[in-house]
Amino acid sequence: MHEMALVHDVLDVVLDQAESCGATEVKAVYLTIGFARDVMDELMDGLFKYLARGTVAEHADLVIRRVPITARCNGCGGVWHVNFLDESTWTCPACGAVRDYRLNSGMEFYISRIEVAGAAPVRHVKERATCA
Ligand SMILES: [Zn+2]
0 MHEMALVHDV LDVVLDQAES CGATEVKAVY LTIGFARDVM DELMDGLFKY LARGTVAEHA
60 DLVIRRVPIT ARCNGCGGVW HVNFLDESTW TCPACGAVRD YRLNSGMEFY ISRIEVAGAA
120 PVRHVKERAT CA
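Residue numbers (numbering that gives the first Met the number 0): 0 to 131.
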């Protein structure tokens, strides 16, 4: 169950951000996760609620946006939806190259946004999400 480790990491970042913003409550956490990531949304949600108990993120909604798996052809640059379980999708529809592609999307895993309450109005944190 690697979801536990992932949710732990997400919560660490969320609480760190919330603290640096002076937030009194985290309202929502938006995650972007590619379909190639073998995680279960319901499990992520349940674990988040469990691990966040007693923290400022206790009542936060976990909103997960899933990104489809697409491939980019090494030959012609064409992009198409790929299904690892369906061999017929391993061929570039544009030029017919077989299995000559790299993953274009589907491996994403990041926090796209954190909504908080009680944050300081303006605070610039380099290379990090801004408080709003
Ligand atoms: Zn191609």
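Backbone N, C-alpha and C fix where the C-beta goes; we use that ideal spot for every residue, glycine too.
Any heavy atom of ligand 1 closer than 6 Å to the CB of residue i?
i: A93; result: yes
i: A96; result: yes
i: C132; result: What is shown of the chain runs 0 to 131, which leaves residue 132 out entirely.
i: G77; result: yes
Alpha carbon to alpha carbon, what distance is there between residue j and residue i?
i: C72; j: I110; result: 28 Å
i: V12; j: C94; result: 43 Å
i: F47; j: H7; result: 8 Å
i: H123; j: R112; result: Note that H123 scores 47 on pLDDT, short of 50, meaning its location in the model is unreliable and no value can be drawn from it.
i: G21; j: L5; result: 24 Å
i: G77; j: Y100; result: 9 Å
i: A118; j: G33; result: 30 Å
Between which residues of its own chain and residue i is the CB-CB distance below 6 Å, once the five residues before and five after are set aside?
i: K125; result: Because K125 sits at a pLDDT of 47, beneath the cut-off of 50, its placement in the model cannot be relied upon, and the following sentence gives the value as read from the coordinates. Taken in chain order, the list of residues that qualify is empty.
i: T88; result: V81 and N82
Among the options, which residue has its Cα nearest to the Cα of residue i?
i: V115; options: P67, A27 and A4; result: A27
i: P189; options: L102, E18, V9 and L10; result: Since the first and last residues shown for the chain are 0 and 131, residue 189 lies out of range.
i: L50; options: S104, G33, L10 and R36; result: L10
i: M106; options: Q16, R64 and D15; result: R64
i: A56; options: D15, T31, A70 and C75; result: D15
i: P92; options: G74, S104 and F108; result: G74
i: V108; options: H58, D37 and A17; result: Residue identity check: residue 108 is Phe in the sequence provided, not Val. Residue D37 is the option with its Cα nearest to F108.
Short of 7 Å in beta carbon distance, which residues of its chain neighbour residue i, apart from the five on each side in sequence? Order them along the chain.
i: L42; result: E2
i: M39; result: E2
Beta-carbon within less than 8 Å of residue i's beta-carbon, same chain only, minus the 5 sequence neighbours each way: which residues are those?
i: F83; result: A35 and I68
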